[in-house]
Amino acid sequence: MSLLTGITLISLINAQTTIILQPDAIQGKDAYLRSLSPNDNFGTDPDFSAHAWTNNGNEVIARGIIDFDLSGIDDTIEFNLFPVPASNAVTIDLKNISQESVSIGIFNSMGQLVEHQIDIQPVTTIDVSRYVKGLYFVRAYSGDLVSTKKLIIE
79 MSLLTGITLI
89 SLINAQTTII
99 LQPDAIQGKD
109 AYLRSLSPND
119 NFGTDPDFSA
129 HAWTNNGNEV
139 IARGIIDFDL
149 SGIDDTIEFN
159 LFPVPASNAV
169 TIDLKNISQE
179 SVSIGIFNSM
189 GQLVEHQIDI
199 QPVTTIDVSR
209 YVKGLYFVRA
219 YSGDLVSTKK
229 LIIE
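Take any residue in the sequence shown, note its place counting from 1, add 78, and you have its number in my numbering.
Below, the structure written as structure tokens:
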């Protein structure tokens with residue numbers, strides 16, 4: 079994909095990629111991107127201009143838009159609880175956590191915290207035999223990510 083004469087965009091632009099403009103050996107000498115937004119935030123204002131200089135010092139400017147695809151970024155913590163209903167123990171199986179620290183809180187139906195564990199393993203079993211029968215909520219959280227599931231104790 080050619081952005082300017084003598085300049086090639088080396089990588090596709092996404093949320094995890096650095097944009098590299100590579101001047102070619104014959105026509106290009108140097109290149110950079112500059113935001114057209116006063117706060118230089120490509121996430122909220124994706125317009126940019128690309129500046130390049132030819133070997134003889136002439137500047138060429140092109141405008142474009144960065145299209146961010148953030149659909150692959152998780153906004154919740156996926157986890158399974160089993161068995162439900164439970165009587166002695168419940169297993170929490172985290173699905174989409176790589177290296178982040180995940181904590182859980184178990185709340186009774188009155189919203190009171192009855193158990194809290196920090197930095198749980200991807201598969202964690204919790205003894206619930208001492209819990210009173212009823213409805214509980216298991217909340218898993220890591221940074222800004224939070225998910226809650228119902229747990230029934232029989």
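A virtual CB, placed ideally from N, CA and C, is assigned to each residue, including glycine.
- [ ] Output yes or no for whether 8 Å exceeds the beta carbon distance between Pro200 and Leu159.
- [x] Residue mapping note: residue 200 aligns to position 122 of the sequence shown, counting from 1. Residue mapping note: residue 159 aligns to position 81 of the sequence shown, counting from 1. The answer is no: Cβ separation not under 8 Å.
Task: Assigned secondary structure, Gly189 (DSSP; H/G/I helix, E/B strand, else coil) - done: The residue given as residue 189 occupies position 111 in the sequence shown. Gly189: coil per DSSP, three-state reduction.
Task: beta strand (DSSP E) segment containing Arg217, residue limits - done: The residue labelled residue 217 in the question sits at position 139 within the sequence shown. Element bounds for Arg217: Gly212 to Ser220.
Open item on the list: For Phe185, tell me which candidate among Asp222, Leu223 and Leu213 has the shortest Cα-Cα distance.
Closed with: Within the sequence shown, residue 185 is the residue found at index 107, counting from 1. The shortest Cα separation from Phe185 among Asp222, Leu223 and Leu213 belongs to Leu213.
Open item on the list: Given a cut-off of 8 Å on the beta-carbon distance, is the pair Ser225 and Ile155 in contact?
Closed with: Here residue 225 refers to the residue found at position 147 when the sequence shown is read from its first residue. Here residue 155 refers to the residue found at position 77 when the sequence shown is read from its first residue. In contact: Ser225 and Ile155 (Cβ atoms closer than 8 Å).
Task: Given Val180 as reference, the closest of Pro161, Ala218 and Pro163 once Cα atoms are compared - done: Position 102 of the sequence shown, counting from 1, holds the residue named residue 180. Looking at the Cα atoms, Ala218 is the closest of the given residues.
Task: Range of the contiguous beta strand (DSSP E) that encloses Ala167 - done: For this step, residue 167 is matched to residue 89 along the sequence shown. It spans Ala167 to Leu172 - the beta strand (DSSP E) in which Ala167 sits, taken as one unbroken run.
Open item on the list: Once the 5 residues before and after Thr202 are set aside, which same chain residues still bring their CB inside 6 Å of it?
Closed with: Counted from its first residue, the sequence shown places residue 202 at position 124. So the qualifying residues of the chain are Ile170.
Task: Neighbourhood of Val192 by C-beta, 6 Å cutoff - its chain only, sequence neighbours within 5 removed - done: If you number the sequence shown from 1, residue 192 lands on position 114. Contacts found: Ile184 and Asn186.
Task: CB-CB length for Val206 against Ile231, believed under 8 Å - done: Position 128 of the sequence shown holds residue 206. Position 153 of the sequence shown holds residue 231. 6 Å between Cβ atoms; contact.
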